[in-house]
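Protein chains in written order, with our numbering: chain R, 297 to 631; chain C, 1389 to 1692; chain L, 171 to 615. Below is one structure; the comments refer to it alone.
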Amino acid sequence: MKQLIVAPAPHAHSGDTVRRNMLLVILALLPAYVVSVLEFGWGALFTTLISIVACVGTEWLIAKYILKEEPTIGDLSAVLTGLLLAFNLPSNLPWWIVLIGAVVAIAVGKMTFGGLGQNPFNPALVGRVFLLISFPVQMTTWPLPQGFNGSYVDAATGATPLYYLKQMVKGGDSDAVNHLPDLWNSLLGVMGGSLGEVCALALIIGGVFLICTKVITWHIPVSILLTVTLIAACIGWTGMLPEGMTTGQYVAYQLLTGGLMLGAFFMATDYVTSPMTPLAKLIFGVGIGVIVMVIRLRGAYPEGMSFAILIMNACVPLLNKIRPKRFGEKVKTTK
Amino acid sequence: MNLILIALLVLGLTGLLAALLLYLMAWKFKVEEDPRIDLVQEVLPGANCGGCGFAGCRALAEACVKADSLDGLLCPVGGSEVMAKVGAILGMEASAAEPMIAVMRCNGVCEARPRTSEYDGVRSCRIQNSLYVGETACPFGCLGCGDCVEACQFDAIHINPKTGLPEVDEEKCVACGKCVKACPRNIIELRKKGPKGRRMLVQCVNKDKGAIARKACLNACIGCGKCQKECKFDAIVVENNVAYIDFNKCRLCRKCEAVCPTGAIHSVNFPPKPAPKAEPTDNAVTTADQAQSSQTTKKEEAQA
Amino acid sequence: MKTFSIGGVHPHDNKVYSAHQPIQECPLPKKAIIPLVQHIGAPAQPVVEKGQKVKVGELLAKAGGFVSANIHSPYSGTITKIDSTIDAWGMRMPAIFMDVEGDEWLDTIDRSTDVIRECQLEPKEIIDRISAAGIVGLGGACFPTHVKLMPPPGKKAEVLIVNGVECEPYLTCDHQLMLEHGEEIMIGIQLLMRALGIDKAIIGIEKNKPDAIARMNELAARTLGVEVLPLRLKYPQGGEKQLIDACIHRQVPSGALPIEVGAVVDNVATIYAVYEAVQKHKPLISRVMTVTGKSVEKPGNYSVRFGTPLTEVVALAGGVPEDTGKIIGGGPMMGRAMNNIDMPTNKRVSGLLFLPENESRRVEPENCIRCGKCVSACPMGLEPYLLAKQAEKQMWDEMEKHDVMDCIDCGCCLFTCPSHRPLLDYIRMGKATVGGIIRARAQKK
Chain R
297 MKQLIVAPAP HAHSGDTVRR NMLLVILALL PAYVVSVLEF GWGALFTTLI
347 SIVACVGTEW LIAKYILKEE PTIGDLSAVL TGLLLAFNLP SNLPWWIVLI
397 GAVVAIAVGK MTFGGLGQNP FNPALVGRVF LLISFPVQMT TWPLPQGFNG
447 SYVDAATGAT PLYYLKQMVK GGDSDAVNHL PDLWNSLLGV MGGSLGEVCA
497 LALIIGGVFL ICTKVITWHI PVSILLTVTL IAACIGWTGM LPEGMTTGQY
547 VAYQLLTGGL MLGAFFMATD YVTSPMTPLA KLIFGVGIGV IVMVIRLRGA
597 YPEGMSFAIL IMNACVPLLN KIRPKRFGEK VKTTK
Chain C
1389 MNLILIALLV LGLTGLLAAL LLYLMAWKFK VEEDPRIDLV QEVLPGANCG
1439 GCGFAGCRAL AEACVKADSL DGLLCPVGGS EVMAKVGAIL GMEASAAEPM
1489 IAVMRCNGVC EARPRTSEYD GVRSCRIQNS LYVGETACPF GCLGCGDCVE
1539 ACQFDAIHIN PKTGLPEVDE EKCVACGKCV KACPRNIIEL RKKGPKGRRM
1589 LVQCVNKDKG AIARKACLNA CIGCGKCQKE CKFDAIVVEN NVAYIDFNKC
1639 RLCRKCEAVC PTGAIHSVNF PPKPAPKAEP TDNAVTTADQ AQSSQTTKKE
1689 EAQA
Chain L
171 MKTFSIGGVH PHDNKVYSAH QPIQECPLPK KAIIPLVQHI GAPAQPVVEK
221 GQKVKVGELL AKAGGFVSAN IHSPYSGTIT KIDSTIDAWG MRMPAIFMDV
271 EGDEWLDTID RSTDVIRECQ LEPKEIIDRI SAAGIVGLGG ACFPTHVKLM
321 PPPGKKAEVL IVNGVECEPY LTCDHQLMLE HGEEIMIGIQ LLMRALGIDK
371 AIIGIEKNKP DAIARMNELA ARTLGVEVLP LRLKYPQGGE KQLIDACIHR
421 QVPSGALPIE VGAVVDNVAT IYAVYEAVQK HKPLISRVMT VTGKSVEKPG
471 NYSVRFGTPL TEVVALAGGV PEDTGKIIGG GPMMGRAMNN IDMPTNKRVS
521 GLLFLPENES RRVEPENCIR CGKCVSACPM GLEPYLLAKQ AEKQMWDEME
571 KHDVMDCIDC GCCLFTCPSH RPLLDYIRMG KATVGGIIRA RAQKK
């Protein structure tokens, strides 16, 4: 008889792979991507292409020539990083800035820590924040949706709704309310903003798809969105809003504009940089929600999702100390 | 001007106060330490391998300083040379320790030990040993996953891809004993290095009865006892169907190697064709023995 | 529908191959090897000698301690030697070698097929008969059954939970046993309830066996105090602690036995053996095992006497398939891959699974991506990724602090890991080491 193979149990596997999970996330991002291409035209396509190619290329080069190990670009995690980075950039960003962002994302954000699974911070956000600090003007000049007309260079630019939302509460700009797009447009993404963050509806569809396919759990997105809703509602109830804006509208704007949806469903839920147990995930989400609202209301930047996620990323090792509920663990009674 | 003066004064006073406090603290909580500990530590190799049985070189240095004599205290890495220096510092006589070396007591090379199954789990001897007999039929032999290689801090042990067995680099091995502890099957042993590195050993630990052991591996010791009868110095004991050569008693006559029917006894670092004067042992060696031993060396070469 | 509360995975059940195959008697071999270790605990001590002639059902070896079990002769014939043989993982184990001559049974054993319902025995007598018959848990752990039936002082059993879950993929022997011998199992349940002095029993069956649920329901309707509980599909529902949680919503605390929450769990095959031992005086000399696999010619459920070489059972199922890469004793989740099939059957082996070569090899592990899927899959609420890393780094104290001893070896973590990391391999090794440390500490005190 030929040699039998022996190995410890179990001998079955669910068939799940890293690649499959990454692929599903990329799939879930597609609807939002289609919308942004329709709105921002060639710029969106071009930025994404550069970002992805640069991310994959950087990872391959570093793995092959610096770490001297078999490159693992086949797991698609670099593709996903590139895609997410592009989603966080204005579509009219010069190509060389995109390139720098992608190289920083992979080289500094991921490979310095030892590659996939070792990085404490979300690489795409590391890249994005690096660019935001280095090129503040370019990074905060968002093109207005033009439709798919191919004019990459001459895109008209303008501030995002979040800028006006902040002005409104600060009370500086009395005209702010009139600059906001109407709610339907913010749901469908007809407004200025980063490439992938504009269409809340498409992002929600993608997020629900991920939860249904069990790629992510509901804990992080739901806790982020609930926290933001709650804080925004408190602002409304305390009467800080100007005339012509109801609490409901304000909450809806906070939820639908900026990078909140993209962050809640796709960035904060990144496996490597999010905690593992349900309770820790909830705390993580609430933390992000609080920080993002603090930055949105009081910070120097109109948007704080990237910073909020990165700050909470730093707390993950601590949050991972929270143990899951053990089987047979007695419920602690208060003495 | 006034502002600068005040600032200088406040900062200066604070600094003075802090210095005073630190001085008082240092004085109050001073730990009396024998200055010789530092001296001894400087002589030690500083590898912190733990081979001496203490938690690093500092701990050994402390133990040396505290001890009344250096008996039983040995840095295996530095050997007697370093211990002599330590002795000189402390004004004690260092016991002459013979240099040791880690030896591999399994010779189940691929040709001799047929594979019966293929192990597909984690490459770890510890794990494989806890579940399976290994990839061959020998439940005592080397598993070849290299736990010893991983344990070695001195890069002195490597798996030979040809035989699938680890080999000890005699130049690099410092006999710290890490590999001995790492091996789940207790195959690796620390033995005396021997004069000019020459030593005899049984390269098998199979405790099965002869026929079963032989079926699993052609190089196995079958516990026949021929070597035991042949040995004039009572250096060989056959227990649990496996022979063991006591390195303290062995006089390196190599007679046992000649009579071993399976070639489980090995001589190491002997010259290929021993001339009468090169033989380290005394007149016990006869020409007949030499003829036999040279035969076995040839046989070994042929096997290799 | 009920199930256990923490973790769990959903492997493909693959039961179609051997499901509903009637139990077939395996012919007697010419030579048999009866291992002396067929249970958890001390090996049994042989009471026969070389050259002695024995009949079917005669005692060959008696229990070697409190946690141990008797072993009876499954054949009539002559003892040729008492020596060691090789088990399925290549290790040696003591065994009795026998030449089989005919099939002559002890006169005391009732070999008729009549179902005997009446029982007037005292609880003590029932337990004695179970103990004498050498019955062990046939679900896989092989814990001697009589030990379970004698709760330590101060503890009282409240409910008997019957394990008809068979959550391991591929295996169908318990399912078929319930279909064919449901009535005997029901009597066995009543015997155990009598022995324990309780009036409540719950039969847990997963819903992928609707015919077994229907059959047991029909029988339970006629029996006082017995209830059939259909359970949602989830692995490892057949684990003792998980089953108790699913059936009566009580969680056995860490390190404790089921009796702590008033439950006694027995597998249906064990209960069938109890029936035969108590009502028919037949000791445990055979079991039903499943021989299955995608390319097995005649997959099915075979009643095999212990000591029959596995090769004979395999021959009955059509031989070893061409493409076999791995042969597993038991199911794919917890069964162990064997490195030979020359070994004899014993009380432990509940099935023989032939995996084709292309399913036999593990996928090369990648980096841990900290997805936490192992944490959510672990039915004991442990953190497998952490324990595996600690075991790799030999941090035994940390492992103990993170409750490694609660691990039940179910394999959910490795099953679910998208990076194919060998989590359980490390955890199992760590558990063994930590267990040793704890025992050594206890001995010192």
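We treat Cβ as the ideally placed atom computed from N, Cα and C, and that holds for glycine. From a predicted model like this one, the values you see are computed outputs, not experimental measurements.
Asked: Rounded separation between residue 467 of chain L and residue 501 of chain L - CA only; Found: 18 angstroms
Asked: For residue 1535 of chain C, the first and last residue of its enclosing alpha helix (DSSP H); Found: 1535-1539
Asked: When R:549, R:556 and R:543 are compared against residue 520 of chain R, the one with the closest alpha-carbon; Found: R:556
Asked: Contact belief for residue 426 of chain R with residue 387 of chain R at Cβ below 8 angstroms, rounded distance in angstroms; Found: In fact, because the Cβ distance is near 19 angstroms, the residues do not count as touching under 8 angstroms.
Asked: Beta-carbon neighbours of residue 595 of chain L, restricted to chain C and to distances below 7 angstroms; Found: 1509, 1510 and 1515
Asked: Reduced DSSP secondary structure (H/G/I, E/B, other) of residue 1549 of chain C; Found: coil
Asked: Own chain, CB closer than 7 angstroms to residue 423 of chain L, minus 5 neighbours either side, in chain order; Found: 430
Asked: Within chain C, the residues that residue 592 of chain L reaches when beta carbons sit closer than 7 angstroms; Found: 1509 and 1510
Asked: Below-8 angstroms beta-carbon distance, residue 599 of chain L vs any chain C residue; Found: yes
Asked: Under 8 angstroms from the C-beta of residue 1506 of chain C: neighbouring residues of chain R; Found: 299, 300, 301 and 302
Asked: Residue of L:601, L:444, L:460 and L:497 minimising C-alpha distance to residue 454 of chain L; Found: L:444
Asked: Closer than 8 angstroms to chain L by CB, residue 448 of chain R; Found: Legend: pLDDT at residue 448 of chain R = 47, less than 50; position of this residue unreliable, no value from coordinates given.
Asked: Three-way DSSP call (helix, strand, coil) for residue 187 of chain L in this model; Found: coil
Asked: Terminal residues of the beta strand (DSSP E) in which residue 253 of chain L lies; Found: 247-256
Asked: Residue 1635 of chain C and residue 1573 of chain C closer than 8 angstroms at C-beta; Found: no
Asked: Secondary structure, alpha helix (DSSP H): runs of 4+ residues fully inside the region 1553-1580 of chain C; Found: 1566-1570
Asked: Three-state secondary structure assigned by DSSP to residue 506 of chain L; Found: strand
Asked: CB-CB length for residue 1569 of chain C against residue 1543 of chain C, believed under 8 angstroms; Found: Contact doesn't hold; Cβ gap of about 18 angstroms is too wide.
Asked: CB contact below 8 angstroms: residue 261 of chain L versus chain C; Found: yes
Asked: Bridge partners - residue 231 of chain L, DSSP secondary structure assignment; Found: L:216 and L:241
Asked: Own chain residues within Cβ distance below 8 angstroms of residue 506 of chain L, not counting five before or after; Found: 258, 259, 498, 499 and 500
Asked: Endpoints, alpha helix (DSSP H) assigned at residue 436 of chain L; Found: Unbroken run through residue 436 of chain L is the beta strand (DSSP E), 433-437; no alpha helix (DSSP H).
Asked: Cβ-based contacts, 8 angstroms cut-off: residues of the region 302-325 of chain R near chain L; Found: 302, 303, 304, 305, 306, 307, 308, 309, 310, 312, 313, 314, 316 and 317
Asked: Limits of the alpha helix (DSSP H) - the one that residue 529 of chain L falls within; Found: 527-530
Asked: Contacts around residue 560 of chain L, its chain only, beta-carbon distance under 6 angstroms, and the 5 residues preceding and following it disregarded; Found: 568 and 569
Asked: Whether residue 177 of chain L touches residue 582 of chain L by CB criterion (8 angstroms); Found: yes
Asked: Contact the region 199-209 of chain L vs the region 467-478 of chain L: 3+ CB pairs below 8 angstroms; Found: yes
Asked: Whole-angstrom distance between residue 439 of chain L and residue 308 of chain L, CA atom to CA atom; Found: 6 angstroms
Asked: Host alpha helix (DSSP H) of residue 595 of chain L (start-end); Found: 593-614
Asked: Any non-hydrogen atom of the ligand PLP closer than 7 angstroms to residue 1617 of chain C Cβ; Found: What this structure holds is no ligand at all, so the ligand PLP is not there to describe.
Asked: Validate contact between the region 367-375 of chain L and the region 389-401 of chain L using beta carbons, cut 8 angstroms, 3 pairs; Found: yes
Asked: Proximal residues to residue 431 of chain R (C-beta, below 7 angstroms), its chain only, five neighbours per side dropped; Found: 393
Asked: Sequence ranges, alpha helix (DSSP H) only - wholly within the region 430-495 of chain L, length at least 4; Found: 438-450 and 480-486
Asked: Simplified DSSP assignment, three categories, for residue 1479 of chain C; Found: coil
Asked: Close Cβ partners of residue 477 of chain R (< 8 angstroms) along its chain, the five nearest in sequence each way excluded; Found: 457, 486 and 487
Asked: CA nearest to the CA of residue 302 of chain R, picked from C:1588, C:1449, C:1521 and C:1448; Found: C:1521
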